[in-house]
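Asks:
In my numbering, the protein residues as written are 1 to 173.
So, in structure tokens, the structure goes:
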């Protein structure tokens with residue numbers, strides 16, 4: 001276990017999570033703001049990449065498990081992303097659509113933000129998403145982030161992408 005919130009446990013992803021992750025990362029609705037839903041091979045790569053991140057930068061996207069049922073319902077964590085040509089520490093999240101609208105994404109993202117500032121000693125965190133991904137934007141805003149910029153993202157269909165960010169000194173941490 002990496003983190004525990006009121007309702008979630010955030011833990012490292014494992015190869016055994018493939019089928020559960022595939023259920024939402026390969027879903028057209030969940031991935032509608034990405035270039036395409038993930039294939040089974042891309043889900044495997046996603047798991048491998050995060051396991052590598054755990055070992056190299058002490059973070060990555062962690063599985064979000066409901067404490068009540070022990071069910072993996074999504075992921076949330078910190079990765080390093082190329083955002084408009086700059087490597088940034090980014091809070092990312094994906095949740096199975098059956099669990100949308102329950103506040104799990106913001107609950108996880110707030111815990112991850114605190115972890116990044118307090119445990120990892122980061123001074124700035126970002127989140128970025130397609131401009132029309134309003135639910136993801138609300139999570140970033142509720143996580144205390146402000147719009148830093150908008151750019152055309154060549155890795156996502158050249159779609160307008162919004163970058164939110166927050167600095168440690170802007171928090172109560």
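Idealized CB from N, CA, C, for every residue including glycine.
1) Measure the alpha-carbon distance for residue 124 versus residue 154 and round it to whole angstroms.
2) Strictly by DSSP, which residues pair up with residue 88?
3) Does the separation of the CB atoms of residue 25 and residue 34 fall below 7 Å?
4) Distance check for residue 87 and residue 41, CA to CA, integer angstroms please.
5) Can the beta-carbon of residue 136 be found less than 7 Å from the beta-carbon of residue 164?
6) Applying the criterion that 16 or more other CB atoms from any shown protein chain within 10 Å of the CB defines a buried residue, is residue 161 buried or exposed?
7) Look up residue 65 in the DSSP assignment and give the residues it is bridged to.
8) Check the DSSP bridge columns for residue 146 and list the partner residues they point to.
9) In the DSSP output, which residue or residues are listed as bridge partners for residue 153?
10) Pick helix, strand or coil for residue 94, following the three-state DSSP scheme.
11) Am I right that residue 10 and residue 50 are in contact with their C-beta atoms under 8 Å? What's the rounded C-beta distance?
12) From this set, 30, 132, 16, which residue's C-alpha is nearest residue 97's C-alpha?
13) Output needed for residue 47: all residues of its chain with C-beta closer than 8 Å, excluding positions within five of it in sequence on either side, in chain order.
14) Tell me whether residue 46, by its Cβ, gets closer than 6 Å to a heavy atom of the ligand MG.
Replies: Walking through what the data contain:
1) Here residue 124 refers to the residue found at position 124 when the chain shown is read from its first residue. Here residue 154 refers to the residue found at position 154 when the chain shown is read from its first residue. Those two C-alpha atoms are separated by around 24 Å.
2) Sequence index remark: in the chain shown, residue 88 carries index 88 (1-based). Its beta-bridge partners are 81.
3) Locating residue 25 in the chain shown gives position 25, where the first residue counts as 1. Locating residue 34 in the chain shown gives position 34, where the first residue counts as 1. For the 7 Å CB-CB criterion, residue 25 and residue 34 do not form a contact.
4) Residue numbering aside, residue 41 sits at position 41 when the chain shown is read from its first letter. Residue numbering aside, residue 87 sits at position 87 when the chain shown is read from its first letter. Their backbone Cα atoms lie some 25 Å apart in a straight line.
5) On the chain shown, residue 136 is found 136 positions in, with the first residue counted as 1. On the chain shown, residue 164 is found 164 positions in, with the first residue counted as 1. No, the pair does not count as a contact, with Cβ atoms beyond the cut-off.
6) Position 161 of the chain shown, counting from 1, holds the residue named residue 161. That one is buried.
7) Within the chain shown, numbered from 1, the residue matching residue 65 stands at position 65. In the DSSP output, where bridge partners are listed per residue, residue 65 has 9, 72.
8) Residue mapping note: residue 146 aligns to position 146 of the chain shown, counting from 1. DSSP output for residue 146 lists 165 as bridge partner(s).
9) Position 153 of the chain shown holds residue 153. Answer is 159, bridged to residue 153.
10) Translated into positions along the chain shown, residue 94 becomes position 94. Correct three-state label for residue 94: strand.
11) For the purposes of this step, residue 10 is taken as residue 10 along the chain shown, with counting starting at 1. For the purposes of this step, residue 50 is taken as residue 50 along the chain shown, with counting starting at 1. Not quite, the Cβ-Cβ distance comes to about 12 Å (not below 8 Å), so this is no contact.
12) Taking the chain shown and counting its residues from 1, the one referred to as residue 97 is at position 97. Ranking 30, 132, 16 by Cα distance to residue 97 puts 30 first.
13) Residue 47 sits at position 47 when you count from the first residue of the chain shown. Cβ within range, chain order: 13, 14, 15, 17, 18, 21.
14) The model depicted lacks the ligand MG and carries no ligand whatsoever.
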